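What follows is one structure encoded as structure tokens, with my remarks underneath.
Protein chains: 2
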Amino acid sequence: MSVTIKDIARIAGVSPSTVSRVVSNHPRISKETSRRVKEIMAEMDYHPNIMAKSLVSKTTKTLGILLPRPAEELFQNFFFGELIRGIVTQAARAGYDMLLTTVTSETTELETITRLVMGRRIDGILLLSSRTSDPIVGFLQEHQFPFVLIGRSDEFPDVLSIDNNNIQAAYDATNHFIAQGHTRIGFISGPPNLVVSQDRLHGYRKALKEHRLDIRPEWIMEGDLLQESGFRAMSFFMSLPERPTALVVFDDLLAFGVLRGLTELGYSVPADICLVSFNNIPLSELASTPISSIDIGTYQLGYTASQSLLRVVQDEPLNQKQIIIPHRLIVRESSISPTANRG
Amino acid sequence: MSVTIKDIARIAGVSPSTVSRVVSNHPRISKETSRRVKEIMAEMDYHPNIMAKSLVSKTTKTLGILLPRPAEELFQNFFFGELIRGIVTQAARAGYDMLLTTVTSETTELETITRLVMGRRIDGILLLSSRTSDPIVGFLQEHQFPFVLIGRSDEFPDVLSIDNNNIQAAYDATNHFIAQGHTRIGFISGPPNLVVSQDRLHGYRKALKEHRLDIRPEWIMEGDLLQESGFRAMSFFMSLPERPTALVVFDDLLAFGVLRGLTELGYSVPADICLVSFNNIPLSELASTPISSIDIGTYQLGYTASQSLLRVVQDEPLNQKQIIIPHRLIVRESSISPTANRG
DNA sequence: CTGAAAGCGCTTACAG
DNA sequence: CTGAAAGCGCTTACAG
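For the protein sequence lines, the chains are R and Y, in the order given.
Using full-length UniProt numbering, the letters of the first sequence correspond one by one to residues 1 to 343.
Using full-length UniProt numbering, the letters of the second sequence correspond one by one to residues 1 to 343.
Laid out in structure tokens, this is it:
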């Protein structure tokens, strides 16, 4: 079988305790012993058994990542990829591994989490998307298990969380149109059970309200629609007697569908209707009409979430439990209209 | 602290061995004992310590996923997301967790793998991209550690691997143009150190050769270029005295860049030049000109890879060590040219 | 059908 | 600076 600490001890003529101390760079080991033991470890290709170490140290050096259910991530593939890249990079730097878990149905999701948390499989967990009244947040909170939310919890606002100011972001996007003179502005939302969808819708409403502009239900589309249905969604919008001249769209991929739908219907962006969306995926600027998008610092969200969770897990002091990653509107062609269509 | 098997044993008035057997549904435990112990476990919210179990069973019920280095994945974000979705789904079904690892530099990559493999952290590993003469493959092979390659190994062709027939796929894509009468066909490749890049280039050459068409070096672009440089790449191509009338592009995201570059230069697809690419990401059909793409069954690649590796890890019989996932050309507007530009 | 005992590979007070 | 011993929470022959 594989080489153990006992094998090394025997060959080096020391006790297993000593070998263990050499491995963990214990300060009170003589240079000479350390050198010799290390030499033998290298020779014999010794590698500590991580599970054994974990059992006694009661720490796994592993963080869990809970992937959202497919329904919730469908049109955010890019976003999650970038997020995970940020998370993994930071965790790797700290010597932590990441355990990827997914949940299939609502009924089994708590079981999945319980097994990992109570089974001491991980030291902390990252929740990649915030749903309204999420039972998982309640569970983790109750068990005082370290976790970080990417997004925010409406029920437990004190929870460790990394988020954008999505209300402000949508407010900014909407104002970007208002400042150009648009008065009929529509909104295409994301999955309604996500906090981020609600926040962005909120920011949109707030901007309209502050400028005493109409908030018409028929200008707001709840985004169960996929990219593929962009065509249908747009044909609805554009057939309205009073149709919007600008749209705030929840996500870049959605915006692609919208753009495509509009084009097929014979409308042109930005001449007939303007668009701004969120996330600023690399493809946004490669659309037929480059899409204006709010960059939310996706990589940084992941990176910071990882970092904060690691501080908690390692009992290091934490300045802020809620961190806001700044956003930035990247203006491209899709949102700059010729005066023609305004008002 | 948390509830252990001993606590349950004490309260149930049985031995720890019995509790252990109840947990693992050992057949020779009386219904009555099992019922009572299970009841107490539920009451006390007992969950087995996964690390302890793993230490004695010498199995971790965990598979590793090695993410390619950023440089290699840059323009394949979608592809990897979908792949991982397939992998995780299948693994979860079998009760396995996934450990996500990434490698930063070439010098540390073997260390990272060694730690996991020799440290008995995982039972098997999935390599998401196949590089030419990959030292990791050699290492795993030498240590007889279970792994599956998504792609193929040129050095170790017998290794467990799930791949497309990329030579045939590129051959098909090229023939799709030849059949339409194109004679000047270019190729935009992916990272040259990936086997898949080489295979696709190979298929392209093969098709041209068989039809005695010119293979001109200036029509082949080695794909270090990112999406952003589509413009520059295209201005090079289009300024050639004899420019291609059709392009086979390594990846859909790359195709977006190409499409955008062509548009900016005032060319139109497919009227001036045709495109076909690979991977068939959902966005392909939403491009300004819907992009023809070879669907390579990304989800199925991941799913099958997971499945095969699990068979090996669980010592189940395996019919085939090399599996080919079928590909399929999805023809859209970008590759169907009006006769004007042929020949 | 059940229990006592040994052991998985490590760490860490305690003692010297 | 180093070692002997106990223990982390589980499993599994062995014996009954």
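For every residue, glycine included, the Cβ atom is placed at its ideal position computed from N, Cα and C.
In this text, all values refer to a predicted model and were calculated from it rather than measured experimentally.
Quiz item: Any beta-carbon of chain R closer than 7 Å to the one on residue 14 (chain Y)?
Solution: No, because no Cβ of chain R sits closer than 7 Å to the Cβ of residue 14 (chain Y).
Self-check item: From R:23, R:59, R:50, residue whose alpha carbon lies closest to that of residue 42 (chain R)
Solution: R:23
Quiz item: Is the CB of residue 102 (chain Y) under 7 Å away from at least one CB in chain R?
Solution: Yes, residue 102 (chain Y) counts as interfacial toward chain R.
Quiz item: Comparing alpha-carbon positions, which option in Y:165, Y:133, Y:236, Y:129 lies nearest residue 148 (chain Y)?
Solution: Y:129
Exercise. Tell me whether residue 80 (chain R) sits in a helix, a strand or coil according to DSSP, three-state version.
Key: helix
Quiz item: Within 10 angstroms of its Cβ, does residue 319 (chain Y) collect 16 or more other Cβ (buried), or is it exposed?
Solution: By the neighbour-count rule (16 or more Cβ atoms within 10 Å), residue 319 (chain Y) is not buried but exposed.
Quiz item: Ends of the alpha helix (DSSP H) at residue 172 (chain R)?
Solution: 166–179
Practice problem: Assess, as a yes-or-no matter, whether the segment 13–20 of chain Y is touched by the segment 283–298 of chain R under the definition of 3 or more beta carbon pairs within less than 8 Å. | Solution: no
Exercise. Tell me whether residue 283 (chain Y) sits in a helix, a strand or coil according to DSSP, three-state version.
Key: helix
Practice problem: Pick helix, strand or coil for residue 117 (chain Y), following the three-state DSSP scheme. | Solution: helix
Quiz item: So what's residue 66 (chain Y) in DSSP terms, helix, strand or just coil?
Solution: For residue 66 (chain Y), the secondary structure class from DSSP, reduced to helix, strand or coil, is strand.
Self-check item: C-alpha distance - residue 303 (chain R) paired with residue 268 (chain R), whole-angstrom precision
Solution: 38 Å
Practice problem: Starting from the C-beta of residue 9 (chain Y), find all residues in its chain whose C-beta is less than 8 Å away, skip the five residues before and the five after it, and write them out in chain order. | Solution: 15, 16, 18, 19
Quiz item: Checking contacts by CB at 7 Å: is residue 8 (chain Y) closer than that to chain R?
Solution: no
Quiz prompt | Start-to-end residues for the alpha helix (DSSP H) that takes in residue 52 (chain R) | solution = First-last of the alpha helix (DSSP H) with residue 52 (chain R): 50–57.
Quiz item: residue 98 (chain Y) bridges to which residues according to DSSP?
Solution: As DSSP reads the structure, residue 98 (chain Y) sits in a beta bridge with R:100, Y:63.
Self-check item: The alpha helix (DSSP H) enclosing residue 10 (chain Y), as first and last residue numbers
Solution: 5–12
Quiz item: If we count Cβ pairs, one from each stretch, closer than 8 Å, do we get three or more for the segment 200–211 of chain R versus the segment 170–181 of chain R?
Solution: These segments touch.
Self-check item: Exposure label - residue 326 (chain R); buried when at least 16 CB within 10 Å
Solution: Burial check for residue 326 (chain R): the Cβ neighbour count within 10 Å stays below 16, so the residue is exposed.
Practice problem: Identify the contact partners of residue 150 (chain R) in chain Y, using a Cβ-Cβ distance below 9 Å as the criterion. | Solution: Within 9 Å Cβ-Cβ: nothing; residue 150 (chain R) doesn't reach chain Y, min ~16 Å.
Exercise. Using 10 angstroms around the beta-carbon of residue 237 (chain Y), count the other beta-carbons present and answer buried if the total reaches 16, otherwise exposed.
Key: That one is buried.
Exercise. Tell me residue 248 (chain R)'s beta-bridge partners as DSSP assigns them.
Key: R:187, R:276
Quiz item: Rounded to whole angstroms, how far is the Cβ of residue 92 (chain R) from the Cβ of residue 104 (chain Y), which I believe are closer than 8 Å?
Solution: 7 Å
Exercise. Grab me the residues of residue 255 (chain Y)'s own chain with a C-beta within less than 7 Å of its C-beta, minus the 5 sequence neighbours each way, in chain order.
Key: Counting only residues of its own chain and dropping the five nearest sequence neighbours on each side, residue 255 (chain Y) has a CB closer than 7 Å to the CB of 249, 275, 277, 291.
Practice problem: Quick one: list the residues of chain R neighbouring residue 266 (chain Y), beta-carbon separation under 9 Å, in chain order. | Solution: Residues of chain R passing the Cβ test: none, with the nearest at roughly 14 Å.
Quiz item: If you draw a straight line from the C-alpha of residue 215 (chain R) to the C-alpha of residue 179 (chain Y), how long is it?
Solution: 54 Å
Quiz prompt | CA-to-CA distance, residue 258 (chain Y) to residue 221 (chain R), given in whole angstroms | solution = 33 Å
Quiz item: Hey, quick one: how far does the alpha helix (DSSP H) through residue 236 (chain R) stretch, first residue to last?
Solution: 230–238
Quiz item: Which chain Y residues are close to residue 47 (chain R), counting only those with a beta carbon under 7 Å from its beta carbon?
Solution: 114, 115, 118, 119
Quiz item: So, helix, strand or coil for residue 340 (chain Y), using DSSP?
Solution: Bear in mind that a pLDDT of 47 at residue 340 (chain Y), under 50, signals an unreliable position, so the model cannot answer this.
Self-check item: Member of R:125, R:90, R:333, R:208 whose CA lies at the smallest distance from the CA of residue 100 (chain R)
Solution: Residue 100 (chain R) has its Cα closest to that of R:125, out of R:125, R:90, R:333, R:208.
Quiz item: Can you name, in chain order, every residue of its own chain whose Cβ lies under 7 Å from the Cβ of residue 109 (chain R), other than the five neighbours on each side?
Solution: 103, 136
Exercise. Assign residue 285 (chain Y) to buried or exposed, taking buried as 16 or more other Cβ atoms, counted over all protein chains shown, within 10 Å of its Cβ.
Key: The C-beta of residue 285 (chain Y) has 16 or more other C-beta atoms within 10 Å across all chains shown, which makes the residue buried.
Exercise. Indicate whether at least one CB of chain Y lies closer than 7 Å to the CB of residue 272 (chain R).
Key: No, no contact with chain Y.
Self-check item: Neighbour flag for residue 286 (chain R) against chain Y, beta carbons, 7 Å
Solution: Residue 286 (chain R) belongs to the set of residues whose beta carbon lies under 7 Å from a beta carbon in chain Y.
Quiz prompt | Cβ distance (whole Å) where residue 253 (chain R) is taken to contact residue 283 (chain Y) below 8 Å | solution = Residue 253 (chain R) to residue 283 (chain Y), Cβ: 7 Å. Contact.
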